[in-house]
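Going by my numbering, 447 is the number at position 447 of the sequence shown; the sequence numbering is gapless.
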Amino acid sequence: MRFLKKMIDLTNLTIKKAHEGLKEKRFSSVELTKVFLDKINTKDKEIKAYLTITPELALKQAENADKKIKKGEIDILTGIPCAIKDNLMIKGVRCTAGSRFLDKYIAPYNATVVDKLKDCVFLGKTNLDEFAMGSSCEKSAYFPTHNPHDLERVPGGSSGGSAAAVAADECVFALGSDTGGSIRQPACFCGITGLKPTYGTVSRYGLIAFASSLDQIGPMTKNIEDAEIVFNAIKGKDKMDSTSCNENRNKDLKEIRIGVPKEYFGKGLDPEIEKAVKNAISFYEKSDAKIVEISLPHTDYALACYYIIAPSEASANLARFDGIRYSKVADGENLIDYYLQNKTKGFGAEVKKRIILGTYTLSAGYYDAYYKKALKVRTLIKKDFEEAFKKVDVIIGPTSPCLPFKIGEMVDDPLAMYLSDIYTVSVNLAGLPAISIPCGESNGLPIGMQLIAPAFMENNLFKIAKLYDNTRN
Ligand code: GLN
Numbered sequence: 001m002r003f004l005k006k007m008i009d010l011t012n013l014t015i016k017k018a019h020e021g022l023k024e025k026r027f028s029s030v031e032l033t034k035v036f037l038d039k040i041n042t043k044d045k046e047i048k049a050y051l052t053i054t055p056e057l058a059l060k061q062a063e064n065a066d067k068k069i070k071k072g073e074i075d076i077l078t079g080i081p082c083a084i085k086d087n088l089m090i091k092g093v094r095c096t097a098g099s100r101f102l103d104k105y106i107a108p109y110n111a112t113v114v115d116k117l118k119d120c121v122f123l124g125k126t127n128l129d130e131f132a133m134g135s136s137c138e139k140s141a142y143f144p145t146h147n148p149h150d151l152e153r154v155p156g157g158s159s160g161g162s163a164a165a166v167a168a169d170e171c172v173f174a175l176g177s178d179t180g181g182s183i184r185q186p187a188c189f190c191g192i193t194g195l196k197p198t199y200g201t202v203s204r205y206g207l208i209a210f211a212s213s214l215d216q217i218g219p220m221t222k223n224i225e226d227a228e229i230v231f232n233a234i235k236g237k238d239k240m241d242s243t244s245c246n247e248n249r250n251k252d253l254k255e256i257r258i259g260v261p262k263e264y265f266g267k268g269l270d271p272e273i274e275k276a277v278k279n280a281i282s283f284y285e286k287s288d289a290k291i292v293e294i295s296l297p298h299t300d301y302a303l304a305c306y307y308i309i310a311p312s313e314a315s316a317n318l319a320r321f322d323g324i325r326y327s328k329v330a331d332g333e334n335l336i337d338y339y340l341q342n343k344t345k346g347f348g349a350e351v352k353k354r355i356i357l358g359t360y361t362l363s364a365g366y367y368d369a370y371y372k373k374a375l376k377v378r379t380l381i382k383k384d385f386e387e388a389f390k391k392v393d394v395i396i397g398p399t400s401p402c403l404p405f406k407i408g409e410m411v412d413d414p415l416a417m418y419l420s421d422i423y424t425v426s427v428n429l430a431g432l433p434a435i436s437i438p439c440g441e442s443n444g445l446p447i448g449m450q451l452i453a454p455a456f457m458e459n460n461l462f463k464i465a466k467l468y469d470n471t472r473n
């Protein structure tokens, strides 16, 4: 028995496998947790996925889980070690959102998703671009995280810490947040599965807001089945978030119709990625799915629209950080100077840029020209999807137009960096669910594809994604 235990690497288990091991008492949650804490202590020196490690909390939760398991009270997630993106609050644990501003901020309450996962084991908080603004994890005020497939490359962002932690087997699964692609793009870059649920399906209470009409929390996992398990655990109406609901519009699919948008295979897409996604499409075709060419004509405007709406909402959300509430980073001669010093020292350059941009697009003189216009374009983008979903059940395409890039390669080229979200942002603008799953690799670097479904049809999305399952079992 002991011998067998040493033979299996417990850190690469999926939720289901870890659950079976716990249930059959092959190992305890404390043993499993210690294996992960050891792994983090060694491996995370090079990956740098975690901003804060919480061994005491983790071991206490693991002991509680073991007590429950002993009494036969075991649920699928009981005693499973996981990581939480550092913009989600765990009561009593530092929560920085990747910002200097919140360096010493201790969360006063649990996010609803954290409460819902209370039978799991929280190993720690993962790195992110400051306030989730970025696509590479390089905009974290602390340090960049490294891609486990190639340490010189970025893990994607903003949930790059969570993606790298899952890919490097430094946790069984992780939570991320996605405003314009921050779950799916890092999942794609790290070769794992990432789900952005339908807007409103998962409560945002206790998530440090970036752009409230776009933000959603979701699972980052080793396979599709695990994503489904975590999604089912965290979803549901919450009285603390008035946008949350219990909708379920899944329907029986007799024939599966898959839409291929012509706009997603144009200029700027890496040929290796195009090849891998097209192979996946042929796979579906061979499995009797009906492949339909569709058009999403406003795709070209999605990035411009997103980069008006997201900064506008961010400028309003981030106004609360004034050095008086939450935490302070500087002193001042008088009140105005105090605000100035705190905001100057607390926020990084990318965050400042977006606050200034958002304040401008919301200002009285420019509101109609920018913000209101962007809202109209958002409606057109939503309508594109509504039209498409009259003909198909899911839409397939690449998650990212490029492979994971080198650390430092794009920091001075914000437009190139923003382009890496070209296929993901419209999904947030339309409030739809989408999943990124691995579909190949190029020179050892993962390639991912994205499946998009109509609102509240996550189960259909899982079902179709599972037909093509290239992930770990
Ligand atoms: N990369 C996008 C941005 O910088 C999306 C970020 C996110 O989804 N949080 O805004």
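For each residue, glycine too, the CB sits at the ideal point set by N, CA and C.
The model shown is predicted, which means the values in this text are computed figures rather than measured ones.
Identify every residue that forms a DSSP beta bridge with residue i.
{"i": "Asp421", "result": "Asp421 is not bridged to any residue."}
{"i": "Ile106", "result": "Arg94"}
{"i": "Cys82", "result": "Phe122 and Phe173"}
{"i": "Ile273", "result": "Ile273 is not bridged to any residue."}
{"i": "Met220", "result": "Ala174 and Gly194"}
{"i": "Met449", "result": "Pro398 and Ile437"}
{"i": "Asn12", "result": "In DSSP, Asn12 forms no bridge with anything."}
{"i": "Asn475", "result": "Any answer about residue 475 is impossible in this case: the structure gives the chain only from 1 up to 473."}
{"i": "Asp238", "result": "Asp241"}
{"i": "Tyr50", "result": "Thr126"}
{"i": "Lys406", "result": "Arg153"}
{"i": "Leu207", "result": "Leu88"}
{"i": "Ser442", "result": "Leu445"}
Taking 8 Å as the limit between beta carbons, can you name the residues of its chain near residue i, skipping five residues before and five after?
{"i": "Gly444", "result": "His149 and Asp150"}
{"i": "Glu285", "result": "Ile291"}
{"i": "Phe456", "result": "Thr198, Thr201, Glu247, Asn248, Arg249, Asn250 and Pro433"}
{"i": "Lys262", "result": "Glu293, Ile294 and Ser295"}
Need the endpoints of the alpha helix (DSSP H) that residue i sits in, please.
{"i": "Leu37", "result": "Ser29 to Ile47"}
{"i": "Lys290", "result": "Per DSSP, Lys290 belongs to no alpha helix (DSSP H); it is in the beta strand (DSSP E), Lys290 to Ile294."}
{"i": "Arg311", "result": "Going by the sequence as given, residue 311 is Pro instead of Arg. That run of the alpha helix (DSSP H) goes Ala302 to Asn317."}
{"i": "Thr344", "result": "Leu335 to Gly346"}
{"i": "Ile69", "result": "Pro55 to Lys70"}
{"i": "Asn246", "result": "Unbroken run through Asn246: none, as it is neither H nor E."}
{"i": "Asn460", "result": "Glu458 to Leu467"}
{"i": "Ala132", "result": "Segment: none, Ala132 is in no alpha helix (DSSP H) and carries neither H nor E."}
{"i": "Arg26", "result": "It is not in any alpha helix (DSSP H) - Arg26 carries neither H nor E in the DSSP assignment."}
{"i": "Glu161", "result": "In the sequence under discussion, the amino acid at residue 161 is Gly, which differs from the Glu named in the question. Segment Gly160 to Ala167, the alpha helix (DSSP H) holding Gly161."}
{"i": "Ala388", "result": "Lys373 to Ala388"}
Which residue's Cα is closest to the Cα of residue i: the options?
{"i": "Leu13", "options": "Lys104, Ile291, Gly348 and Phe173", "result": "Phe173"}
{"i": "Ile15", "options": "Glu225, Tyr468 and Lys237", "result": "Glu225"}
{"i": "Cys402", "options": "Lys91, Ile273 and Pro155", "result": "Ile273"}
{"i": "Tyr199", "options": "Thr193, Ile447, Val425 and Ser282", "result": "Val425"}
{"i": "Leu375", "options": "Ala330, Ile309, Ile76 and Ala364", "result": "Ile309"}
{"i": "Ala280", "options": "Phe36, Tyr468 and Leu10", "result": "Tyr468"}
{"i": "Gly157", "options": "Leu214, Ala65, Ala388 and Lys85", "result": "Lys85"}
{"i": "Ala49", "options": "Tyr306, Tyr370, Cys188 and Ala83", "result": "Ala83"}
{"i": "Ala289", "options": "Asp300, Leu214, Ile396 and Lys118", "result": "Ile396"}
{"i": "Gln216", "options": "Val113, Tyr307 and Thr54", "result": "Val113"}
{"i": "Ile47", "options": "Ala58, Arg153, Glu56 and Val121", "result": "Arg153"}
{"i": "Phe143", "options": "Asp115, Gly194, Pro55 and Lys45", "result": "Lys45"}
{"i": "Ala276", "options": "Pro81, Ile437 and Thr54", "result": "Ile437"}
{"i": "Lys235", "options": "Phe101, Lys116 and Tyr326", "result": "Lys116"}
{"i": "Val121", "options": "Ser28, Thr179, Ser287 and Val392", "result": "Ser28"}
Kindly indicate the opening and closing residues of the beta strand (DSSP E) around residue i.
{"i": "Arg257", "result": "Arg257 to Pro261"}
For residue i, collect the residues of the same chain with a Cβ closer than 6 Å to its Cβ; drop the 5 residues on either side in sequence, then sort them by chain order.
{"i": "Ala453", "result": "Val394, Pro433, Asn460 and Leu461"}
{"i": "Arg2", "result": "Summary for Arg2: the model assigns pLDDT 49, below 50, so the residue's position carries little reliability, and this model does not support an answer."}
{"i": "His298", "result": "Leu380, Ile381 and Asp384"}
{"i": "Cys245", "result": "Gly200 and Lys237"}
{"i": "Val427", "result": "Ala434 and Ile452"}
{"i": "Pro155", "result": "Cys137, Thr145, Asn147, Ala163, Ala164, Pro186, Phe189 and Cys190"}
{"i": "His19", "result": "Ile76"}
{"i": "Met410", "result": "Ala416 and Met417"}
{"i": "Tyr370", "result": "Ile308 and Thr361"}
Less than 7 Å between C-beta atoms, sequence neighbours within five positions excluded: which residues of the same chain meet that for residue i?
{"i": "Ser140", "result": "Gly98, Asn127, Leu128, Asp129 and Glu130"}
{"i": "Leu420", "result": "First, the amino acid is wrong: residue 420 is Ser here, not Leu. Answer for Ser420: Ser135, Gln185, Ser400, Pro401 and Cys402, listed in chain order."}
{"i": "Glu441", "result": "Ile447"}
{"i": "Thr11", "result": "Val35, Phe36, Lys39 and Asp169"}
{"i": "Ala111", "result": "Leu88, Met89, Tyr205, Gly206 and Leu207"}
{"i": "Leu4", "result": "Bear in mind that the predicted position of Leu4 carries a pLDDT of just 49, short of 50, making it too unreliable to give a figure here."}
{"i": "Arg472", "result": "Here Arg472 scores only 45 on pLDDT, less than 50, and its place in the model is too uncertain to base an answer on."}
### Query
Between the stretch 334 to 344 and the stretch 83 to 96, do at least 3 Cβ pairs fall closer than 8 Å?
no
### Query
Is the stretch 215 to 235 in contact with the stretch 256 to 273, if contact means three or more CB pairs nearer than 8 Å?
no
### Task
Please confirm if the stretch 142 to 162 is in contact with the stretch 61 to 76, defined as three or more CB-CB distances below 8 Å between the two stretches.
Touching, no.
### Query
For the 8 Å Cβ check, are there 3 or more pairs between the stretch 21 to 34 and the stretch 227 to 236?
no
### Query
Is it a yes or a no for the stretch 205 to 218 touching the stretch 313 to 323, going by three-plus beta-carbon pairs under 8 Å?
The stretch 205 to 218 makes contact with the stretch 313 to 323; the number of CB pairs closer than 8 Å reaches 3 or more.
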